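In the working numbering, the protein residues as written are 805 to 1047.
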């Protein structure tokens, strides 16, 4: 990728619906499209009058194309945000204020635009790696923005969700060593990820005071999971509150 805008666009906007849009991939760019692989998950730039809208491809199809030879395929995209401001001080903001018009040109996002989208916006940032689309661009996360909202790490089996979570938590702890994190690790994936910074509790070392249990739980402990003897249960009912 280069820092300049591509001379020949590979598509044009053919439909806009709320935060979604559809792009027609131009037949005149057939070779370029095959080389740059406009596939699901790639970012694109929609050139509008007052801004550049950043969107992500969610679907590529050859079905239901406009009745012409102009387009060889179409792509559905989610509108994520826009780049605003003069070229020497551009900033990215989420959400769209200037929607694209039919016929606006579309390109795959270039290097400089990726840097603008992922540029650190404050002092409370952590470096979590580089972008898959362009390994030369560092990906930053704003700790305050992330921790003050609900968020999820999603993906299919084997893509690295657990690795990603451990990376995030380790970087957060480096930046905020006094932060307290309570992690429920039901599959025992994170026990060795944080070294001596973590207190790992398991059935072998967890000790709970009896006063924390209710009556049924105390009976279950005393009788080892077996049904309690009615006469003994009556006695326990009287003596436990006294203890």
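By construction, the Cβ of each residue, glycine as well, lies at the ideal position given by its N, Cα and C atoms. Fair warning: this is a prediction, and the values are worked out from it, not measured in the lab.
C-alpha distance - residue i paired with residue j, whole-angstrom precision
i	j	result
residue 887	residue 850	10 Å
residue 991	residue 966	10 Å
residue 880	residue 904	14 Å
residue 1012	residue 1037	22 Å
residue 909	residue 827	9 Å
residue 998	residue 1005	13 Å
residue 822	residue 901	11 Å
residue 878	residue 862	11 Å
residue 829	residue 915	21 Å
residue 953	residue 1032	47 Å
residue 1017	residue 1035	21 Å
residue 962	residue 813	36 Å
residue 1045	residue 1023	13 Å
residue 860	residue 1019	56 Å
residue 957	residue 972	10 Å
residue 988	residue 1000	18 Å
residue 1007	residue 935	40 Å
residue 1030	residue 986	33 Å
Backbone secondary structure at residue i - three-state DSSP
i	result
residue 946	strand
residue 856	strand
residue 928	coil
residue 999	helix
residue 900	coil
residue 828	strand
residue 969	helix
residue 867	coil
residue 978	helix
residue 1019	helix
Expected contact under 8 Å - CB spacing of residue i and residue j to nearest Å
i	j	result
residue 876	residue 843	Contact flag wrong, Cβ pair sits at about 15 Å.
residue 907	residue 816	6 Å
residue 928	residue 913	About 26 Å separates the two Cβ atoms, so there is no contact after all.
Under 9 Å between C-beta atoms of residue i and residue j
i	j	result
residue 932	residue 923	no
residue 920	residue 894	yes
residue 970	residue 930	no
residue 917	residue 853	no
residue 847	residue 883	no
residue 873	residue 831	yes
residue 818	residue 870	yes
residue 976	residue 951	yes
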